[in-house]
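First up is the structure itself, then whatever we jot down about it.
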Amino acid sequence: MAVQEPQHPVRRPWERPQPQIRLTHTDRDAVAEVLRDAYGKGQLDEDEFEERLDQAMRAKYGAELEPLTQDLGLDPRSGGAAPAAARAGHAGAPSSTSAERVVAGVGHAGNYFFPIVAPLLLFLGANNISPYVRRQALESLNFQLACLIGAVLSVLTIWLVIPAFFLLAIFVGWAVLPAIGTVAALLGKDWRYPIPDRFRLVKDD
């Protein structure tokens, strides 16, 4: 009598387990914005918000983010990242606390006292703390680098007429725009300096 071998489920090629993809800063920031929105609506109390935000900033894979937003009305099939609507909102002015707005303002105003150094330290320090401070520090840092490089190139070619005007424009921009950025940050705005993207040397992940 033939012995029937035990049946084992056949794994199809497209069902092979895929390696987990590590999260980027954008993924973490998107979930952080959802948590901030939920906190503002009263879905989370202060302790819950701070605990979940800390977990979101420390997360490495999408599965770690999923429990943080499941009870907030999000689609659990999003893999832990915020839904498309939240990502679209993230492109605008991100929400921020009053303390974060003050720190972001310091990142702009600090250019008058510690050019490049002030925004660089904030950019690196806000990596896992505040998406808003990180974005504003990145803007300030790129502006200062663009001013420095533009000024050096203008000085090297000062014997031409046009670079002299560029140098003047750079000086005026350096003197005025950080002040505007400081005020905008204190108001919680998503301030962007008027420089082309190709001159933004430091990119966020």
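Every letter in the sequence shown is one number past the one before it in numbering that gives the first Met the number 0, and letter 87, counting from 1, is 86. Beta carbons: idealized from backbone N, C-alpha and C, even for Gly.
- Exposed or buried, what is Ala62 when buried is set at 16 or more other beta-carbons lying within 10 Å of its beta-carbon? exposed
- Measure the alpha-carbon distance for Leu71 versus Gln42 and round it to whole angstroms. 7 Å
- Query: Of all the options Val30, Gly39, Lys40, which has the alpha carbon lying nearest to the alpha carbon of Ala55?
  - Reply: Val30
- Top-ranked residue by Cα proximity to Ala98, from Gly124, Tyr131, Gln143: Tyr131
- Query: Residues in its own chain within less than 8 Å of Leu176 by CB, not counting five upstream and five downstream?
  - Reply: Phe142, Tyr192, Pro193
- Query: Just how far apart, CA to CA, sit Ala136 and Asp203?
  - Reply: 11 Å
- Query: When burial is assigned at 16 or more other CB atoms within 10 Å of the CB, is Pro118 buried or exposed?
  - Reply: buried
- Item | Proximity winner among Phe113, Ala178, Glu45, relative to Gly104 (alpha-carbon distances) | Ala178
- Message: For Ala168 and Gly106, I'd like the C-alpha separation in whole angstroms.
- Response: 22 Å
- Beta carbon of Ala150, beta carbon of Leu140: below 9 Å? no
- Rounded C-alpha distance that separates Leu155 from Ile115: 21 Å
- Item | C-alpha gap between Leu147 and Arg27, whole angstroms | 32 Å
- Which of helix, strand or coil DSSP assigns to Arg21: strand
- Message: Mapping the DSSP letters down to three states, classify Gly91 as helix, strand or coil.
- Response: Note that Gly91 has pLDDT 48, beneath the 50 cutoff, so the model's placement of it is unreliable and no number is given.
- Report the option in Thr25, Val102, Leu152 whose CA atom is closest to the CA atom of Ala184. Val102
- How would you write the range of the alpha helix (DSSP H) that Ala117 sits in, first residue to last? 116-124
- Query: Nearest CA to the CA of Leu144: which residue from Phe113, Ala163, Glu49, Thr25?
  - Reply: Phe113
- Candidates Phe198, Asn110, Thr96: closest to Leu34 by CA position: Thr96
- Which two residues bound the contiguous alpha helix (DSSP H) that contains Arg197? Careful: Arg197 lies outside any alpha helix (DSSP H) and carries neither H nor E.
- Put Tyr60 into one of helix, strand or coil per three-state DSSP. strand
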